[in-house]
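Before any comments, here is the structure.
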Amino acid sequence: MKNNLKDRYIYAVTRHLPVKMQKDVERELDGLITEMAEERQPNMASEDTIKEVLDELGSPEELALKYNGSGHNALISGVYFLMYKRVLRTALPIVATVAAILAAVGLFAGFDTDINIVLGGVTLAPITFVSRFIHVFASSISITIQAFAAITVIFAILDYSKAKLKDGDITDLPNVPEAEAVVSITGGIAEIALTIAMVTTLLFFPQYIGGGFDGRWIPAFDAEYLRSLWLPILAWGAISVVSILYQIIIGHYNIKVVVTTLAANIALAVLTVVILGSNNLIHQDFTAYLSDILGGLYIVTNILSHPNRMLMAIILVALAIDTVDVLYKALKR
Amino acid sequence: MNKDEILSGLLQEMRRGTIILCVLAKLRQAAYGYNLVTELAETGMPVEANTLYPLLRRLESQGLLSSHWNTTDGAKPRKYYATTDLGKEILAEMVNHWWQAMQNVKNILED
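In order, the protein sequence lines correspond to chains A and B. Under the numbering used here, the residues of the first sequence are numbered 1 to 333, in order. Under the numbering used here, the residues of the second sequence are numbered 1001 to 1111, in order.
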């Protein structure tokens, strides 16, 4: 593990650069710092000499910006602009795809039948396959634009608050994390997309969660009851998304990420109990259906007589595992 | 901000536009980054490494410089940069503009 001051400085610069540039800049900066240090102290440069050189090179964030050629005085500037670009590049295609799939499911499954295309005050009918396709496409574009706006607002606020760029001593730079302690942007965005898809399905398409029995589709949830829980479900989604976004912005697992993840997971656990606590949540037919297909297995039937509690237990265990996982990755650094 | 700071900032701004000209001219003979930093300093055109290194990379991405890593003879690996043919053409144009600008500034100063 490379964790001397020079390596930490180089990592603090290169982590903000595009992946294809990182290795080359790392190698070049390594050579530059070594030569500058040797010029000052020819044989074995001390840590103090290295610090002197790094102070001359300036803050890693500023150097990363020079390498990227990004400007200042913008809505989103500095290191946040570099992160913003990376998050957008990953997030928008995923959001567009998920939005298109959800819109297509809603339309072609007949859930959303109120489609009126109006041109010049005249309503066009009947609704054709092409017009449905256009609607799906438009929905996808609309949601993607909303996602773009939301991400822009979040980064603009972060940039405005200037919470990130600390002009502290160069020796305070964090250690170079192990590869597994680096937060995966793709993984994080995929988790966000999954969370949004799950919340959207629960709120708008709950009837599609269930099982087939004797040629009849039995929904798992009581849609009416589930929709009455829209606030805790939305809060669940929002807390998850913010928590993941925070991990992506920090870029690696550290004590701050552990604390925020712990706080978020406690809140999510409470919301999970609120959402899944009542037996009214599960459609009566679904409970009966489970009992029928597992009729001979007494213990299983007993457990499944309250599938909401089983689901609650699974989610609570998953939240606990997630917290421990984040803690483990942070400690690995 | 005192007079020296103001002057220093203005001189830095004045010099900024000439750095690319100097870099392209110097790199008609290949050199590595830190070598160029010291050579420019010796000729009275000091440029900080944290300015020069990103600039070299930008000029390379524009096709004005080419680069290669020299790792032969057990020496320290160093990235050498050299002005490309396109860089030399741009340099020649810039030099013409430079002399023209010099003349214009001279005329203004002697007015």
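We treat Cβ as the ideally placed atom computed from N, Cα and C, and that holds for glycine. Only a predicted model underlies this, so the values are computations on that prediction, with no experimental measurement involved.
Could you work out which residue in the options is closest to residue i when comparing CA atoms only?
i       : options                               : result
E39/A   : V53/A, A103/A and R27/A               : V53/A
Y246/A  : E191/A, T144/A and L65/A              : E191/A
V1047/B : H1097/B, L1091/B, C1022/B and D1004/B : C1022/B
F204/A  : K332/A, F221/A and P60/A              : F221/A
A264/A  : S228/A, N43/A, Q207/A and D322/A      : D322/A
R89/A   : E180/A, A223/A and T152/A             : T152/A
A1025/B : L1059/B, K1003/B, D1004/B and K1076/B : L1059/B
S184/A  : I143/A, A91/A, I141/A and S228/A      : A91/A
W1098/B : Q1012/B, E1013/B, G1009/B and G1017/B : G1017/B
P206/A  : M21/A, D292/A, I10/A and H283/A       : H283/A
T335/A  : M310/A, L32/A and I248/A              : Residue numbering for chain A in the displayed model covers 1 to 333; residue 335/A lies beyond these limits and cannot be assessed.
K51/A   : I10/A, G211/A, I315/A and G69/A       : I10/A
T287/A  : I134/A, K332/A, R227/A and G211/A     : G211/A
I315/A  : D292/A, A269/A and K332/A             : A269/A
H306/A  : A318/A, R227/A, T260/A and S291/A     : S291/A
M1045/B : M1014/B, T1071/B, H1068/B and T1072/B : M1014/B
M21/A   : S1061/B, L1091/B and I1090/B          : S1061/B
A223/A  : S46/A, D285/A, A37/A and D48/A        : D285/A
F133/A  : I189/A, K256/A and A104/A             : A104/A
With residue i and residue j assumed to form a contact (beta carbons below 8 Å), what rounded beta-carbon distance in angstroms separates them?
i       : j       : result
V176/A  : D7/A    : 5 Å
K1088/B : R1028/B : 7 Å
I239/A  : A267/A  : 5 Å
T195/A  : L102/A  : That belief does not hold up - the Cβ atoms of T195/A and L102/A are roughly 13 Å apart, past 8 Å.
L327/A  : V242/A  : Going by Cβ atoms, the distance from L327/A to V242/A rounds to 19 Å, so no, they are not a contact pair.
V13/A   : L63/A   : 5 Å
I955/B  : L1055/B : Any question about residue 955/B goes unanswered here, given that chain B covers just 1001 to 1111.
V136/A  : A100/A  : 6 Å
L5/A    : A1049/B : The Cβ separation is near 17 Å, so there is no contact.
A1031/B : E1039/B : 7 Å
L1086/B : G1063/B : 5 Å
Considering only their Cβ atoms, is the gap separating residue j from residue i smaller than 8 Å?
i       : j       : result
Y289/A  : I209/A  : no
V334/A  : M312/A  : Beyond the ends of chain A as shown, which are 1 and 333, falls residue 334/A; an answer cannot be given.
N308/A  : N279/A  : yes
Y1034/B : E35/A   : yes
G271/A  : W236/A  : Per the sequence shown, the amino acid found at residue 271/A is Leu instead of Gly. Taking 8 Å as the Cβ cut-off, L271/A and W236/A qualify as a contacting pair.
D172/A  : I76/A   : no
V79/A   : H16/A   : yes
E28/A   : Y1053/B : yes
L1065/B : T1051/B : no
Y225/A  : L281/A  : yes
L202/A  : I244/A  : no
A330/A  : A179/A  : no
K1076/B : G69/A   : no
F155/A  : Y67/A   : no
- [ ] Please determine if the stretch 141 to 151 of chain A and the stretch 85 to 96 of chain A are in contact, where contact requires at least 3 C-beta pairs separated by less than 8 Å.
- [x] Yes, they touch.
Open item on the list: Taking beta-carbon pairs under 8 Å, can you tell me which members of the stretch 1057 to 1088 of chain B lie near chain A?
Closed with: R1057, R1058, W1069, K1076, P1077, R1078 and K1079
Task: Contact list for the stretch 50 to 73 of chain A against chain B, Cβ threshold 7 Å - done: L57, G58, L63, K66, Y67 and G69
Task: Positions along the stretch 26 to 37 of chain A whose CB lies within less than 8 Å of some CB in chain B - done: Cβ contacts with chain B: R27, E28, L29, G31, L32, T34, E35 and M36.
- [ ] Using a Cβ-Cβ cut-off of less than 8 Å, give me the residues of the stretch 1041 to 1053 of chain B that come near chain A, in sequence order.
- [x] E1048, A1049, N1050, T1051 and Y1053
- [ ] Pull out every residue of the stretch 1024 to 1035 of chain B whose Cβ sits closer than 7 Å to any Cβ of chain A, in chain order.
- [x] G1033 and Y1034
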